[in-house]
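In UniProt numbering, the protein residues as written are 1 to 632.
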């Protein structure tokens, strides 16, 4: 080795230069390396490499070890140089590693996995804390933890990340998963996304969240229970719970999310089995759901209308009252090896009253006494007319809702018959939307969804199992169901009906419903035929309001029909019999175009047909806005 006094600059034979095994940069782009070599050939090396006397002089006598400049060293070798310009500093191992890290992370092309290996060595070999490293490299503490977490990837995922096949941000999402087998499975699913292409970061994040993370807020067992799976301990202290590693799961701050679905499933099964065993040991009944006396007992699925003085509340009681506010269970139902508690119905009634969800007898009686003290005046003639108009509106709205549901059924049938999109994307999208703010129209289409009577976790599990087994075309139909339900297109309320029993077209919600009409048309559904199936004759203007014990709005009590046959003239286009006009009322668009072309009404084809009119006490349907009228 040439004589060099430290610190000093000099020239050293390339044969005496050794690369450092602690350099976090282990991969070099061959194209860029060749470009640097070509530059050195023509212009020489402009900047010396930083070296130190080799720390193992017995095995490497007179040699130096590179601290910084391995890329320049390799390019010089490729350029055919015999020696290289160096700056020598005598530095210890810890200082070398820290300097190498700082020098390398300031370069854009250093791979984060190699960077993570350097951070890991600083922590394990030199006992640096994350805060110390963060200060040294001017990075946040969270950045240090997320980078080091890349080392939790299995080798296959590391290689895919280093080769650029797996995005680093996506790799960090996979690295947070606690089980290697799940990491490999998730990586394969992400790498084989739609059309065989890898998912984007956003797609992968959504996929992992929906498929591999579970919200602990809805679990049935106590999070502090460490006996369910002794090897895992309690969820409240588990490292697989996101709230226990806030630095690693900054994007899930404040939420208790389990990242080990298998462990959570095991705890849930153990809890249910243990609960059933303990119930039998205590002598509590354990029965099948069909054996439960619903007049005497109730579950969290029991609807509010089964209780007294519920003030019109609807839906399962379990959605509005916490489990801890319910009485002690008097037995359990065995539902697919799950323990579903049931309670004395009278005790649940008291619990609902205490929670303010039902009125107590005293409050109810006080309200009645108040009404007796302040009797209601007889309704005026104007109020009676208003009540009659409201009843007509409600009946018309109910009929229009039925028409829309029937029309939408036709749309779904058309959708399922068409070819679907990528099933993996559709399944992930549908599950994501359902876990967000989108719901299924189960009340309008109960026959489509066999699990419509479930709620909470049971409903979610049944829905996602249903999605996993559905075809691509069925998934598309489910997606459409959610969008249509979110837009409230299927249900018309009385407030949407004007005094002429027509939809108020100037209303903003009704204008939005025009999009639903466009969907009906695009699916080639004949809403005129559907409307005809629902159509009933007009209400007589001077008919009396329905009696208190008459049929509900939208239904008609049977009466003796008064039928007659009248002639009704219908025109249709001379070249297209599907384009028709009744001869009265507004002219359809096709007719306006026809007349604008210079033709006249006489040029249309006129057809005489017999139309029967039935009981005049029955209601007429809502005229066709936003749908075309049946007669147009």
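For each residue, glycine too, the CB sits at the ideal point set by N, CA and C.
Since this is a predicted model, take the numbers as computed values, not measurements.
In the structure shown, residue 345 falls within a helical segment according to DSSP collapsed to helix, strand and coil. The bridge partners DSSP lists for residue 18 are 65. Secondary-structure assignment with DSSP links residue 333 through a beta bridge to 287 and 340. Around residue 111, the same chain offers 27 and 162 as residues with beta carbons nearer than 7 Å, after the five sequence neighbours per side are excluded. In this structure, residue 350 lies away from residue 313, with their beta-carbon atoms at least 8 Å apart.
The continuous stretches of beta strand (DSSP E) do not include residue 79, and DSSP gives it neither H nor E. It is roughly 17 Å from the alpha-carbon of residue 169 to the alpha-carbon of residue 197. A straight-line Cα-Cα distance of about 13 Å links residue 165 and residue 189. Secondary structure note for residue 130: its alpha helix (DSSP H) is the uninterrupted segment 130-137.
Judged by DSSP secondary structure, residue 10 falls within the beta strand (DSSP E) whose first and last residues are 8-13. Ranked by Cα distance from residue 203, the options 184, 185 and 173 are led by 173. If you ignore the 5 residues before and after residue 146, its C-beta comes within less than 6 Å of the C-beta of 172, all in its own chain and listed in chain order. Taking residue 225 as the centre and dropping the five residues before and after it, the same chain places the C-beta of 234 closer than 7 Å to its C-beta, in chain order. Residue 580 carries a strand assignment under DSSP once its states are collapsed to helix, strand and coil. The beta-carbon distance between residue 48 and residue 86, rounded to whole angstroms, is 5 Å. This is short enough to meet the 8 Å contact definition. In the three-state reduction of the DSSP assignment, residue 274 falls in the helix class. Looking only at 216, 231 and 265, the smallest Cα-Cα distance to residue 241 is reached by 216. Rounded to whole angstroms, residue 177 and residue 407 show a C-alpha spacing of 46 Å.
Per DSSP, the unbroken beta strand (DSSP E) holding residue 52 starts and ends at 49-53. Around residue 223, the same chain offers 216, 234, 235, 236 and 256 as residues with beta carbons nearer than 8 Å, after the five sequence neighbours per side are excluded. Apart from sequence neighbours up to five positions away, the residues of its chain that approach residue 115 with a beta-carbon distance below 8 Å are 24, 101, 104, 105 and 147, ordered along the chain. For residue 84, the secondary structure class from DSSP, reduced to helix, strand or coil, is strand. The beta-bridge partner set that DSSP reports for residue 606 consists of 571. Residue environment for residue 439: exposed (fewer than 16 other C-beta atoms within 10 angstroms of its C-beta). Here DSSP, grouped into helix, strand and coil, assigns residue 463 to helix.
Ranking 434, 483, 473 and 470 by CA distance to the CA of residue 459 puts 434 first. The residue from 76, 62 and 60 with its alpha-carbon nearest to that of residue 42 is 76. With contacts defined as CB atoms closer than 8 Å, residue 395 and residue 343 fail to qualify as a contacting pair. Residue 91: not part of any alpha helix (DSSP H); DSSP gives it neither H nor E. Only residues of its own chain outside the window of five on either side were considered, and among them 467, 475, 478, 479 and 482 have a CB closer than 8 Å to the CB of residue 430, listed in chain order. The beta-bridge partner set that DSSP reports for residue 214 consists of 258. Residue 534 carries a helical assignment under DSSP once its states are collapsed to helix, strand and coil. Our two residues, residue 139 and residue 149, have alpha carbons roughly 15 Å apart in a direct line. Of the candidates 212, 194 and 201, the residue whose Cα lies closest to the Cα of residue 184 is 212. Between the beta-carbon of residue 210 and that of residue 355 there is about 33 Å, and that puts the pair past the 8 Å contact cut. Per DSSP, the continuous alpha helix (DSSP H) segment holding residue 484 begins and ends at 472-486.
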